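**Student:** Okay, handing you the structure first.
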Amino acid sequence: MKINFSIVHKPLTISKIKAPGQTIQVYQENQSINLQATKDAVAYLQYALSNKIPVIVGVSNVPGGPNSDKSTNHWVVIVGSGTDSNGNYFRFYDSGATNQVNRATSVANKLYYNPTTGEFKGTSDTNYGAAAAYQMTMVRKSKKIL
Amino acid sequence: MKAILYNTYLLLGGIMWCFISTCMGQPSTKQHVENRRDSLLSPAEISTSYLYWYISHKSKLDRINIFQADTASDTDNYKVDFKRVNFYLNQIKKSGFVSEKYIDTLKKAYLAADEKLNLHPQNDGPIQGFEYDPILGIQEETEITQNVNEFKVISNSIKDDHAVVLGKISDTLWIRFDLSKTDKKWLINAMHPYFK
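Those protein sequence lines, which keep their order, are chains A and B. When the count follows our numbering, it moves up by one through the first sequence with no breaks and lands on 151 for the last residue. When the count follows our numbering, it moves up by one through the second sequence with no breaks and lands on 306 for the last residue.
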């Protein structure tokens, strides 16, 4: 399994939700998927990872969500990408584990990208993620702290 | 003599401090709520007062450890401590701004969490369904807690014994309150953030 995972500790923060040009909404409940947005998301994630920048993305694993898109209920950090027998994926660290670092950073934490449907779906090795699969909802661009 | 002068300075200083805090300073959130609770409040006033009340009591309420009450180690599974749920809900109810229906809705959320935790035991991370503030209903709660003084009631529609109050924290973040009148008193049945 090839993983081009690599991050460096840079002073970064995340963009505010819906900040113009800074959030890429790829999925919202009860709405069709915007394929262009998913392509933009993949392009940004690849750009960020190639520059060793981790990216926070929103995910949904239950109906509804306590955020402005009414879909996102959880957040993970994209730290790498790769390909396996199931397809192309983005690897993530899961904020859903506080004490179990090995689960939070498990190599099994992957979101698979389907270029045909535009869906990013995957599972997490954490307790929190065991209940249901994750569907990526949005990408929040990383920003340098000035 | 020196002692008399010293005590006089202290007294004058105290009087000045009281004068400045009472007359010149902004009323605290607590004062805002306490001063208004006993009067007959409109739906808009009830909604605003509850928002202020909750934010001023939030840190205390957050310390009621509902999910990990008996957890001695990191590997013990979470469980809902219903004694603490009842205590928590009682504190909310004692604010005097919410209805039985509001309390029931919250209690159902804890019952649902208990059911989920039995199906999918957890001993780490956020609780499914409680990844956000259960009262404010928003994950980025600082958008409300840090900007509560910006809250403005925009509309207040009353029909018979029901009312809907819409207020905004910012142009993009609104809050909707649903109220009903019981025993000549308006009480909140539901409070939801509303994103524009």
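Think of the CB as a built atom: it goes at the ideal place given N, C-alpha and C, for glycine as much as any other residue. For clarity, every value in this text was computed on a predicted model and none was experimentally measured.
Whose C-beta lies closer than 8 Å to the C-beta of A:K148 among residues of the same chain, with five residues either side of it excluded?
**Tutor:** The count along the first sequence starts at 1 and reaches residue 148 of chain A at position 143. For A:K148, where only same-chain residues beyond five positions count, the Cβ hits under 8 Å are L17, T18, I19, S20 and Q27.
**Student:** Apart from the five residues just before and just after B:Y164, which ones in its own chain have a Cβ nearer than 7 Å to its Cβ?
**Tutor:** Numbered from its first residue, the second sequence carries residue 164 of chain B at position 54. Once the five neighbours on either side are set aside, the close Cβ partners of B:Y164 are I245.
**Student:** Which partner residues does A:R96 have in the DSSP bridge list?
**Tutor:** By 1-based counting over the first sequence, the position of residue 96 of chain A is 91. In DSSP, A:R96 forms a bridge with A:G85 and A:K115.
**Student:** Who are the neighbours of A:I22 on chain B, taking C-beta pairs under 8 Å?
**Tutor:** The residue you call residue 22 of chain A lines up with position 17 of the first sequence. Within 8 Å Cβ-Cβ: E250.
**Student:** For the alpha helix (DSSP H) holding B:D224, just list the boundary residues, first then last.
**Tutor:** Reading the second sequence from its first residue, position 114 is the one you call residue 224 of chain B. Its alpha helix (DSSP H) spans residues E210 to L229.
**Student:** I want to see whether chain A comes within less than 7 Å of B:Q238, judged by CB atoms only; does it?
**Tutor:** As a first step, residue 238 of chain B is located in the second sequence; it is residue number 128 there, counting from the start. Yes, contact with chain A.
**Student:** Provide the residue(s) that pair with B:T292 in DSSP beta bridges, ordered along the chain.
**Tutor:** Looking up residue 292 of chain B in the second sequence gives position 182. In DSSP, B:T292 forms a bridge with B:K295.
**Student:** Taking B:F192 as part of the alpha helix (DSSP H), name the residues at either end of that continuous run.
**Tutor:** In the second sequence, residue 192 of chain B corresponds to position 82, counting from 1. Taken as a continuous stretch (DSSP letters only), the alpha helix (DSSP H) holding B:F192 covers F192 to K204.
**Student:** Comparing the C-beta of B:D186 with each C-beta of chain A, is any distance below 7 Å?
**Tutor:** Here residue 186 of chain B refers to the residue found at position 76 of the second sequence. By this cut-off, B:D186 is not an interface position.
**Student:** Roughly how many angstroms separate the alpha carbons of B:A300 and A:Y98, rounded to a whole number?
**Tutor:** Indexing the second sequence from 1 puts residue 300 of chain B at position 190. Indexing the first sequence from 1 puts residue 98 of chain A at position 93. Looking at the two C-alpha atoms, the distance is approximately 35 Å.
**Student:** Please identify, using Cβ separations under 7 Å, the residues of the segment 95 to 107 of chain A that lie next to chain B, in order along the chain.
**Tutor:** Correct list: G101, A102, T103, N104 and Q105.
**Student:** For B:K307 versus B:D271, is the C-beta spacing smaller than 7 Å?
**Tutor:** This structure does not reach residue 307 of chain B, given that chain B is present from 111 up to 306, and the question cannot be answered.
**Student:** Using DSSP with H/G/I as helix, E/B as strand and the rest coil, what is A:V106?
**Tutor:** In the first sequence, the residue the question calls residue 106 of chain A occupies position 101. A:V106: helix per DSSP, three-state reduction.
**Student:** Nearest to A:V84 by CA position, among A:T110, A:I29 and A:S90, is which residue?
**Tutor:** As a working mapping, residue 84 of chain A is identified with position 79 in the first sequence. Among A:T110, A:I29 and A:S90, the Cα nearest to that of A:V84 belongs to A:T110.
**Student:** The alpha helix (DSSP H) spanning B:I165 covers which residue range?
**Tutor:** Translated into the one-based positions of the second sequence, residue 165 of chain B becomes position 55. Note, B:I165: alpha helix (DSSP H), P153 to D172.
**Student:** Strictly below 7 Å CB to CB, what residues from chain A border B:Y242?
**Tutor:** Here the question's residue 242 of chain B lines up with position 132 in the second sequence. Neighbours of B:Y242 on chain A, chain order: P71.
**Student:** Taking the beta strand (DSSP E) that A:S31 belongs to, which residues open and close that run?
**Tutor:** Locating residue 31 of chain A in the first sequence gives position 26, counting from the first residue. Per the sequence presented here, residue 31 of chain A reads as Val, with Ser not at that position. Note, A:V31: premise wrong, no beta strand (DSSP E); not H, not E.
**Student:** From A:A102, A:K146, A:S100 and A:D45, pick the residue whose C-alpha is nearest to that of A:Y118; which is it?
**Tutor:** The residue you call residue 118 of chain A lines up with position 113 of the first sequence. Comparing Cα positions, the closest option is A:D45.
**Student:** What residues of chain A sit near B:K226, judged by a beta carbon separation below 8 Å?
**Tutor:** For the purposes of this step, residue 226 of chain B is taken as residue 116 along the second sequence, with counting starting at 1. The answer, in chain order, is A136.
**Student:** Cβ of B:D172 less than 7 Å from any chain A Cβ?
**Tutor:** What you label residue 172 of chain B is simply residue 62 of the second sequence in a count that begins at 1. No, because no Cβ of chain A sits closer than 7 Å to the Cβ of B:D172.
**Student:** Please report the Cβ distance between B:L297 and B:V275, rounded to the nearest whole angstrom; I am assuming they are in contact, meaning their Cβ atoms lie under 8 Å.
**Tutor:** By one-based count along the second sequence, residue 297 of chain B stands at place 187. By one-based count along the second sequence, residue 275 of chain B stands at place 165. 12 Å between Cβ atoms; not a contact.
**Student:** Beta carbon of A:P71, beta carbon of B:G235: below 7 Å?
**Tutor:** For the purposes of this step, residue 71 of chain A is taken as the residue at position 66 of the first sequence. For the purposes of this step, residue 235 of chain B is taken as the residue at position 125 of the second sequence. Contact: no.
**Student:** Starting from B:A246, follow its DSSP beta bridges and name the residues at the other end.
**Tutor:** Position 136 of the second sequence, counting from 1, holds the residue named residue 246 of chain B. It should be pointed out that residue 246 of chain B corresponds to Leu in this sequence rather than to Ala. Paired residue(s): none; B:L246 is not in a bridge.
**Student:** Just mark B:D148 as buried or exposed, buried being the case when its beta carbon has 16 or more other beta carbons within 10 Å.
**Tutor:** Counted from its first residue, the second sequence places residue 148 of chain B at position 38. In this prediction, B:D148 scores a pLDDT of 49, lower than 50, which makes its location untrustworthy; no coordinate-derived value is stated.
**Student:** Taking all protein chains shown into account, decide if A:R108 is buried (16 or more other Cβ within 10 angstroms of its Cβ) or exposed.
**Tutor:** Counting from one through the first sequence, the residue named residue 108 of chain A turns up at place 103. The residue in question, A:R108, is buried, as its Cβ has 16 or more Cβ neighbours within 10 Å.
**Student:** Under DSSP, the beta strand (DSSP E) around A:E124 begins and ends at which residues?
**Tutor:** As a first step, residue 124 of chain A is located in the first sequence; it is residue number 119 there, counting from the start. A:E124 -> beta strand (DSSP E) spans E124 to T128.
**Student:** Helix, strand or coil, according to DSSP, for B:Q280 in the structure here?
**Tutor:** As a working note, residue 280 of chain B is residue 170 in the second sequence. Here residue 280 of chain B turns out to be Ser, not Gln, going by the sequence shown. B:S280: coil per DSSP, three-state reduction.
**Student:** For B:L161, is the classification buried or exposed, using 16 other Cβ atoms within 10 angstroms of its Cβ as the cut-off for buried?
**Tutor:** In the second sequence, the residue the question calls residue 161 of chain B occupies position 51. Buried, because 16 or more other Cβ atoms sit within 10 Å of the Cβ of B:L161.
**Student:** Mind checking B:P303: buried by the 16 CB within 10 Å criterion, or exposed?
**Tutor:** To locate residue 303 of chain B, count along the second sequence from 1; it is residue 193. It counts as buried.
**Student:** Can you confirm whether A:N35, when its beta carbon is compared against all beta carbons of chain B, has any partner nearer than 7 Å?
**Tutor:** Working through the first sequence from its first residue, we reach residue 35 of chain A at position 30. Chain B, which has no Cβ nearer than 7 Å to the Cβ of A:N35, makes this no.
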